[in-house]
Amino acid sequence: MEIILSGQLVLATLVLGSVYALVAMGLNLIYGTMRLLNVAHGEILMIGAYVAYWAFTLLQIGPLISLFGAMALTGGLGWAVYRFLVRGLLAGSGEIVQRIEANSLLIFFGLSIILQNLISLAFTANERAYPYLDQVIRFGGISIGADRLVILGISLTVSLIAILFFRYSMTGLAMRALIEQREAAALVGIERDRVSLLVFILGFALAGLAGALISMTEQISPFSGFPFTIAAFVVIILGGLGNLYGGLLGAFLLAGIEVYGVALTSSAYRSILVYGVFIAVLLWRPQGLLGGKRIS
Numbered sequence: 000m001e002i003i004l005s006g007q008l009v010l011a012t013l014v015l016g017s018v019y020a021l022v023a024m025g026l027n028l029i030y031g032t033m034r035l036l037n038v039a040h041g042e043i044l045m046i047g048a049y050v051a052y053w054a055f056t057l058l059q060i061g062p063l064i065s066l067f068g069a070m071a072l073t074g075g076l077g078w079a080v081y082r083f084l085v086r087g088l089l090a091g092s093g094e095i096v097q098r099i100e101a102n103s104l105l106i107f108f109g110l111s112i113i114l115q116n117l118i119s120l121a122f123t124a125n126e127r128a129y130p131y132l133d134q135v136i137r138f139g140g141i142s143i144g145a146d147r148l149v150i151l152g153i154s155l156t157v158s159l160i161a162i163l164f165f166r167y168s169m170t171g172l173a174m175r176a177l178i179e180q181r182e183a184a185a186l187v188g189i190e191r192d193r194v195s196l197l198v199f200i201l202g203f204a205l206a207g208l209a210g211a212l213i214s215m216t217e218q219i220s221p222f223s224g225f226p227f228t229i230a231a232f233v234v235i236i237l238g239g240l241g242n243l244y245g246g247l248l249g250a251f252l253l254a255g256i257e258v259y260g261v262a263l264t265s266s267a268y269r270s271i272l273v274y275g276v277f278i279a280v281l282l283w284r285p286q287g288l289l290g291g292k293r294i295s
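Here it is as structure tokens:
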């Protein structure tokens, strides 16, 4: 009981959950609107992390500033991927569209391998890290790094802005319409091509932002994005594919299972816990914990 009520573990769960929510949001948005499984999502995150690392190392620009550059670069990459890889295929006949949606896993897997190897050739495969806001803050009996507090604040703020954006803005409402009924959305005048392009830009930019924040606390390498891709998939499976609000709940649920599971057992069980939850949800409730409804 003492472990369950530990403020240290509660805070750790909040920090990790906010990161998972931010990582999964872009992936869930792209799947929800276009049914495309972007398994290269972790590599986009990794690019954002490298932008923050090199900006700090070479230019002494902190990640709280360079995260805007990371978002711009990854958002531009999202534009290029949609414009040159996805757009023409989705504009084809219904049979072609169904085929590209079914094969999206292979397409983005290829993109993932290309990005990993390009970054390896450019910067080697060595792990890299940099110190930033690494002082420890103590209040009550709880200790936490200043960098993690900043990550928590930014992640929660971005998640709140995203909720307001999808609920109240015209563009956000158009994205929600595509998530609910893609074909019906076109009948009421929504420009699917324009909205889909914005979805790719936003989804990739959110991954870049997450990468810049994660680089403050984690070592990065060309292959460091894969674990976050897996975590993002677990989150959106927990919350329901295409359910953005459910993804927020899924993120904190996965973080709680991971933090408390490791605390009660060992860090060696982390992967077992994550994959075990993933398999259990697929078997017990494949539509997700909140899969009965989409974004509301």
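Going by numbering that gives the first Met the number 0, the letters in the sequence shown line up with residues 0 to 295, in that order. Heads up, the beta-carbon is just placed ideally off N, CA and C, and yes, glycines get one too.
Check whether residue i and residue j have beta carbons under 7 Å apart
i    : j    : result
A211 : Y19  : no
V38  : F107 : yes
L104 : L36  : yes
I219 : R127 : yes
S17  : L237 : no
L172 : Y30  : no
S223 : M45  : yes
M174 : V194 : yes
L272 : G260 : yes
I299 : P226 : The requested residue 299 does not occur in the structure, where the chain is confined to residues 0 to 295.
H40  : T228 : yes
I189 : A206 : no
V135 : S142 : yes
Y244 : Y129 : no
L8   : A184 : no
A145 : L132 : yes
For residue i, the nearest candidate out of the options (CA to CA)
i    : options                : result
L10  : N102, L151, H40        : L151
P62  : L208, A183, N242, I229 : L208
G139 : G6, Y274, G275         : G6
G232 : V258, I200, Y274       : Per the sequence shown, the amino acid found at residue 232 is Phe instead of Gly. Checking every option, the nearest Cα to that of F232 belongs to Y274.
L84  : E217, V149, G109, G68  : G109
M70  : I112, W53, A48         : A48
M33  : W283, F227, F277, E179 : E179
I112 : A176, E42, R147, L177  : E42
G87  : L196, G144, A176       : L196
R137 : R147, P130, Y129       : R147
V280 : S214, I235, S266       : I235
Cβ distance (whole Å) where residue i is taken to contact residue j below 8 Å
i    : j    : result
S158 : L247 : 6 Å
F203 : T73  : 5 Å
V258 : T12  : 5 Å
L252 : L28  : The pair is not a contact, with the Cβ atoms about 19 Å apart (cut-off 8 Å).
V80  : S65  : Not confirmed; about 22 Å, so no contact.
V22  : A267 : Actually they are not in contact, since the Cβ atoms of V22 and A267 sit about 23 Å apart, beyond 8 Å.
Contiguous alpha helix (DSSP H) assignments of at least 4 residues, all confined to the region 98-136:
Runs found: 103-122.
What runs of the alpha helix (DSSP H), each 4 residues or longer, lie entirely inside the region 23-98?
40-58, 62-80, 86-89, all fully within the region 23-98.
Restricting to runs no shorter than 4 residues, where is the alpha helix (DSSP H) found entirely within the region 227-273?
Whole alpha helix (DSSP H) segments, 4+ residues: 243-263.
Runs of alpha helix (DSSP H) lying entirely within the region 155-185, each at least 4 residues, in chain order:
The region 155-185 contains these whole alpha helix (DSSP H) runs: 169-179.
Ignoring anything shorter than 4 residues, give me the alpha helix (DSSP H) runs that lie fully in the region 192-221, in order along the chain.
Segments of the alpha helix (DSSP H) lying fully in the region 192-221: there are none.
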